[in-house]
Amino acid sequence: MSLKDRITEDTKAAMRAKDKARLGTLRMLSSAIKDAEIKQGGELPEPEQLALINKLIKQRRDSAAQYRDAGREEQAAAEDAEAELLAEYLPPALSTEEIDAAIDEAVAESGASGPQEMGKVMGLLKGKLQGRADLGEVSQRVKERLGS
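So the sequence shown is residues 18 to 165, counted in our numbering.
Right, dumping it as structure tokens:
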């Protein structure tokens, strides 16, 4: 079952269960995917769908932090709940060892020997690790690996 199909099925289940919070979040997610497909002019590949979900999660966490800073704990909790629900659609996160192995493989495949070739390595890793690892953290590790 594709990610889009899973979201559609979960939306139907939330409607039947009359779970308004879950339904609203799933509708927002479906809408965001459809908007991205319209902008792209066709079907959105699953890695790009995962990147979109990561972006939405980051937005929710940023909003929650801002609400907390403003003393609006109820809204912050709602944003956190949405982020948690969206995270259910991401594949399991990779372990540190798996990320390091992917970095080593990408460095070997690209033949990168210094920090100036970091873009080649990240280009290979982005497709493999999208949605399964924090690419900012991966970038930091690649920089350390190529710097030594």
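Each residue gets a CB set at the ideal place from its N, CA and C atoms; glycine is no exception.
Legend entry - Beta-carbon contacts of R39 that lie in its chain and below 7 Å, excluding the five residues immediately before and after: A31, L102
Legend entry - S130, enclosing alpha helix (DSSP H) - first and last residue: From DSSP, S130 is part of no alpha helix (DSSP H); its letter is neither H nor E.
Legend entry - Uninterrupted alpha helix (DSSP H) stretches inside the region 50-93 (no shorter than 4 residues): Taking only runs of at least 4 residues, the alpha helix (DSSP H) segments lying wholly in the region 50-93 are 63-86.
Inset, instruction - Can you tell me which of S80, L107, Y106 puts its alpha carbon nearest to the alpha carbon of A94? - result: S80
Inset, instruction - Look at the Cβ atom of L20, then the Cβ atom of Q66, and state whether they are nearer than 7 Å. - result: yes
Inset, instruction - Give the single residue among R149, A100, G144, A119 whose Cα lies nearest to the Cα of R162. - result: A119
Inset, instruction - Quick one: residues in its chain with C-beta nearer than 7 Å to the C-beta of S156, no 5 flanking neighbours on either side, listed in chain order? - result: M139
Inset, instruction - Pair every Cβ in the region 107-127 with every Cβ in the region 44-63, then say whether three or more of these pairs are closer than 8 Å. - result: These segments do not touch.
Legend entry - Same chain only: Cβ atoms within 7 Å of A150, ignoring 5 sequence neighbours per side: Contacts found: A110, L111, I116.
Legend entry - Three-state secondary structure (DSSP) of K29: helix
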